[in-house]
Ligand SMILES: [Zn+2]
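Numbering (the working numbering), first residue to last: 3 to 149.
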């Protein structure tokens, strides 16, 4: 068992702790670091899982990246892609909906693309989610080349 972040060998206890709370295998140090980020930003655990799944396929994501207006769950700066994980669809209010639209407007103005990924998709279709994001990144790269 190795840490998904630093590839260090991890023991049973650290492994169990990390998988139970975040759903990702991390060493004690990285578990603490990520737990702090999650607590500070109310990051959904699915964002952490997607973050490490993207890392594994060679993408360089950033967890909780500050874009000047708000903290983005996951950002891929090379192609200016922001990924927000949506957790509670039933509870969306009109205030939240207009805020989402405003945020989308700000990111487009800054040349960023924002996609919203429902947390259940990460839970049940992590590999497919990663594949689709890889496709989006390729598309964005192609567009950057044209400009
Ligand atoms: Zn580690």
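Yeah, the Cβ is synthetic: ideal placement off N, Cα and C, and Gly gets one too.
Note that the C-beta distance between residue 85 and residue 116 is below 9 Å.
The C-beta distance from residue 48 to residue 124 rounds to 4 Å, short enough to meet the 8 Å contact threshold. Taking C-beta atoms as the reference points, residue 83 and residue 114 count as a pair closer than 9 Å.
Taken through DSSP and simplified to helix, strand or coil, residue 97 comes out as helix. Counting every other CB atom within 10 Å of its CB across the protein chains shown gives residue 9 a total below 16, marking it as exposed.
Within the segment 100-145, the complete beta strand (DSSP E) runs of at least 3 residues fall at 115-120. Under the three-state reduction of DSSP output, residue 79 falls in the helix class. Within the model, the alpha-carbon separation for residue 106 versus residue 22 is close to 33 Å.
Of the heavy atoms belonging to ligand 1, at least one sits nearer than 8 Å to the Cβ of residue 28. In this structure, the beta-carbon distance from residue 69 to residue 109 falls below 9 Å.
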